[in-house]
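Each residue of the sequence shown is one higher than the one before, starting from 28 at the first, in our numbering.
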Amino acid sequence: MAQKGRFITFEGIDGCGKSTQSRLMFKFLRDNAFPVLWTREPGGSDGAEQIRKLLVEGEPGRWSAETEMLLFNAARRDHLERTILPALERGETVICDRFADSTRVYQGATRQDLRATVDALHQLMIGVEPDLTFVIDMEPTAALSRGLERNSGEDRFEDFGLPFQEKLRAGFLALTQEFPDRCKLIDGSDTPAAVHADIRALLMPLLT
Ligand code: TMP
């Protein structure tokens with residue numbers, strides 16, 4: 028792929044503040060005349076938004092980790108083809124709220140160790156990694172109550188409970204060690220403005 032724009036992702040457990048942070052960064056770049064697109068997973072294209080509803084609504088046990096992995100990859104492939112790659116081709120910075128690292132952790136490292144399968148499927152069907160990933164770290168109790176307070180009707184993963192969120196946190200921290208150049212660990216416990224400043228300091232050298 029002859030990629031012209033930069034691909035930036037935000038990751039972390041449910042309620043960690045990554046959606047707020049990805050939007051703050053999008054607004055900052057847009058207000059400073061950078062060509063930029065904000066998008067999210069699961070979703071970000073018509074077909075992927077339809078698949079999203081299957082994944083985030085309903086009972087926690089609705090899908091096995093394996094079926095989820097396939098659905099997330101189906102959504103991701105559509106999102107990549109229709110939204111992400113065209114924007115990068117136009118030279119835009121793509122800010123994406125979650126991407127393949129979420130599959131590595133949520134499907135690959137929580138209910139059982141499925142990481143090898145996640146990696147094989149990713150290699151086969153997606154094959155794209157972000158240029159930079161911000162992993163927003165947050166204490167799971169606080170993050171979970173924040174996520175559930177929203178009452179969004181999209182709580183299927185929050186409904187797995189606190190031990191699941193603890194495993195997720197450990198999984199995301201492990202990713203920052205596995206990919207230290209790409210995955211930057213951000214302390215999400217500070218004010219949104221302070222967290223935004225930390226992220227900006229790491230991102231702007233890549234864009235200017
Ligand atoms: P969101 O709440 O950040 O929009 O994400 C929806 C849920 O989907 C969230 O609980 C994390 C989960 N998820 C996965 O389990 N695997 C994935 O690959 C992605 C992108 C999200």
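Every residue, glycine too, gets a C-beta built ideally from N, C-alpha and C.
| Item | Value |
| --- | --- |
| CA nearest to the CA of P157, picked from R209, D41, T137, G188 | R209 |
| Three-state secondary structure assigned by DSSP to F187 | helix |
| Assigned secondary structure, R67 (DSSP; H/G/I helix, E/B strand, else coil) | strand |
| L82 CB to nearest heavy atom of ligand 1 below 7 angstroms | yes |
| Residue range of the beta strand (DSSP E) that includes K211 | 210–214 |
| Pick from R117, A220, E176, Y133 that is closest to F34, judged by C-alpha positions | R117 |
| Cβ-heavy atom distance, T66 to ligand 1, below 7 angstroms | no |
| Complete runs of the alpha helix (DSSP H) confined to the stretch 131–203 [at least 4 residues] | 142–152, 167–176 |
| Residues bridged to E38 [DSSP beta-bridge criterion] | V162 |
| Reference V162; option with closest CA among A221, T94, D124 | D124 |
| R142 CB to nearest heavy atom of ligand 1 below 7 angstroms | no |
| Three-way DSSP call (helix, strand, coil) for D124 in this model | strand |
| Residue nearest to C43 in terms of C-alpha spacing, selected from T218, D146, A114, F206 | T218 |
| Cβ-heavy atom distance, R125 to ligand 1, below 7 angstroms | yes |
| Continuous alpha helix (DSSP H) stretch holding S72: start and end | Premise fails: S72 is in no alpha helix (DSSP H) and is neither H nor E. |
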